[in-house]
Amino acid sequence: GKITYKDEDGNETQIDVNADGDASLPDGFPADLAPPDNVSIISSSTNTVNGVKSLFVLGETDASMDDMFEGIKNQLDGAGYTIVSETNSSSADGGYAGIVAEGDYDVNVSISSDGSTTSISFSVTEPAAD
527 GKITYKDEDG NETQIDVNAD GDASLPDGFP ADLAPPDNVS IISSSTNTVN
577 GVKSLFVLGE TDASMDDMFE GIKNQLDGAG YTIVSETNSS SADGGYAGIV
627 AEGDYDVNVS ISSDGSTTSI SFSVTEPAAD
């Protein structure tokens, strides 16, 4: 279920957790950055601090880490984002990959695998005003 918390400064946090993988994307999550269909969403949250909104999604899939890494890079590229850094250290036993991209939002994707399950976290933040 969803929980919303607002502090005395008006900063707001909303969390949706569902261990069955049926959590929904946070309100306002960009459609072109939605996780691939084969990713089950375990949790999502929205955090607004000083008027800047950050959206977070944690998902799992049985797809390989390398497939998810390449697929998400292509998705970001297709959505007009510039990939500013990437790392991928995978092995048969799992590994870790990360992608940082800039565009309409600042995007940070972390991908990890234990060899059977691949976990993916998406962090999507509105760019800070200059």
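Here the sequence shown stands for residues 527 to 656, where the numbers follow my numbering. Ideal Cβ positions, reconstructed from N, Cα and C, are used throughout, including at glycine. Since the model is a prediction, treat every value here as computed from it, not as a measurement.
For residue i versus residue j, is the C-beta distance shorter than 9 Å?
i, j, result
"Ile568", "Leu551", "no"
"Ile598", "Val650", "no"
To the nearest angstrom, report how far apart residue i and residue j are at their CA atoms.
i, j, result
"Thr572", "Ile625", "20 Å"
"Asn576", "Ala618", "43 Å"
"Ile529", "Gln540", "6 Å"
"Glu586", "Glu534", "35 Å"
"Tyr531", "Tyr607", "31 Å"
"Asp542", "Ser645", "17 Å"
"Val633", "Asn544", "23 Å"
"Asn600", "Ser611", "14 Å"
"Gly554", "Asp546", "22 Å"
Quick one, which of the options has its alpha-carbon nearest residue i's?
i, options, result
"Phe648", "Ala654, Gly641, Ala623", "Ala623"
"Ile637", "Ser615, Asn564, Pro653, Gln601", "Ser615"
"Glu596", "Gly554, Pro562, Lys528", "Pro562"
"Ser642", "Ala589, Asp548, Gly547, Pro556", "Ala589"
"Ser566", "Lys599, Asp558, Leu581, Ala549", "Ala549"
"Thr594", "Leu581, Ala560, Ser570", "Here residue 594 turns out to be Met, not Thr, going by the sequence shown. With distances taken between Cα atoms, Met594 lies closest to Ala560."
Tell me where the alpha helix (DSSP H) around residue i begins and ends.
i, result
"Asn600", "591-604"
Counting only the same chain and skipping the five closest in sequence on each side, list residues whose C-beta sits under 7 Å from that of residue i.
i, result
"Glu652", "Val578, Lys579, Tyr631"
"Thr574", "Asn537, Glu538"
"Ser570", "Asp542, Ala549, Ser550, Leu551, Pro552, Phe582, Val583"
CB-CB under 8 Å to residue i, same chain, minus the five flanking residues each way: which ones, in chain order?
i, result
"Gly621", "Met591, Asn614, Ser615, Ser638, Ser639"
"Gly629", "Leu602, Ala605, Gly606, Tyr607, Thr608"
Counting along the chain, where does the beta strand (DSSP E) carrying residue i start and finish?
i, result
"Tyr622", "620-628"
"Asp542", "538-543"
"Glu612", "608-617"
"Leu559", "Taken as a continuous stretch (DSSP letters only), Leu559 belongs to no beta strand (DSSP E), as it is neither H nor E."
"Asp588", "Counting along the chain, Asp588 falls outside any beta strand (DSSP E), and DSSP gives it neither H nor E."
Ignore the nearest five residues each way along the sequence and tell me which others in residue i's own chain have a CB closer than 6 Å to its CB.
i, result
"Asn564", "Thr587, Ala589"
"Asp558", "Ala605"
"Pro556", "none"
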